[in-house]
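The structure under discussion appears below in the form of structure tokens.
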Amino acid sequence: MVKGRYIFHFGDEADAVYRVLDGEVCLTRFSPEGGEIVLYRAREGDFFAEASLFGTHYHCDAICTRPGRCLSLPVKVLRHCLSSNPDFAMEWIAILSGNLRRQRAAQERLGLKSLRMRVIHYLVDHGKQGRVELDQPIIRWAVELGASHEALYRTLAEMEREGVLQRQGQILTLMQRQSNSPV
């Protein structure tokens, strides 16, 4: 996969489900105002387009945002494996369940009113003891958080000034909050 290459477009015939072997693929749509909406970021080991397994057409665009490789699983073959191999079907269900949990956490995060709380939610949800090494530029993370990159930079700077966040390059650490100071 080459960065910027489309895997499929909204409305294309749904003929495959994909797995990212390495790199990154974003599933996107555009709002009526023309703004890009990132529906999902598939990274190494993630499947995407599984929602179209029993559909006829893709419901979004899939674009390579980090060079890598994808495995294409033809829909007909995947359906056959699911219907004829119970162990495979159970493993597939387990994978989909994990994806669903991650998507629910992302929806919960986007439902938070303040960008500050979305940042904290992300660090707690994705980090180990509140520490995350970002695997994407801030500008792309801002889109994932439903904010402009300018607003995200301001929020991160404010959190650093307050001692709530420590930032070293792409590593963000949520500091232990004091009992008398709200995060």
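Just so we're aligned: 819 in this note's numbering is position 1 of the sequence shown, and the numbers increase by one with no gaps anywhere. Every residue gets a Cβ at the ideal spot worked out from N, C-alpha and C, and that includes glycine. What you are looking at is a predicted structure, and each value in this text was computed from that prediction instead of being measured.
_Assuming Ala907 is part of the alpha helix (DSSP H), what are its boundary residues?_
904 to 928
*Does DSSP put Arg861 in a helix, in a strand, or in coil?*
coil
*What is the residue span of the alpha helix (DSSP H) that Glu976 lies within?*
967 to 979
*Three-state secondary structure (DSSP) of Ala834*: Strand, per DSSP.
*Count the other CB atoms within 10 Å of the CB of Arg927; is the residue buried (16 or more) or exposed (fewer)?*
buried
*Nearest-angstrom Cβ-Cβ length linking Leu990 and Leu933, presumed shorter than 8 Å*: Not really, about 14 Å apart at Cβ, beyond 8 Å.
*Measure the alpha-carbon distance for Ser999 versus Trp959 and round it to whole angstroms.*
Only weak support exists for where Ser999 lies, its pLDDT of 45 falling under 50; the coordinates are left without a value.
_Cβ pair count under 8 Å reaching 3, the segment 853 to 862 against the segment 896 to 903_ = no
*Could you name the residues of the same chain whose beta carbon sits closer than 7 Å to that of Leu914, not counting the 5 residues immediately before and after it, in chain order?*
Glu868
*How would you write the range of the beta strand (DSSP E) that Val950 sits in, first residue to last?*
949 to 951
_For chain D, check one thing: does any of its Cβ atoms lie closer than 8 Å to the Cβ of Cys899?_
Given the protein chain composition of this structure (a single chain), no chain D is represented.
*Could you spell out where the alpha helix (DSSP H) holding Leu992 opens and where it closes?*
Unbroken run through Leu992 is the beta strand (DSSP E), 989 to 992; no alpha helix (DSSP H).
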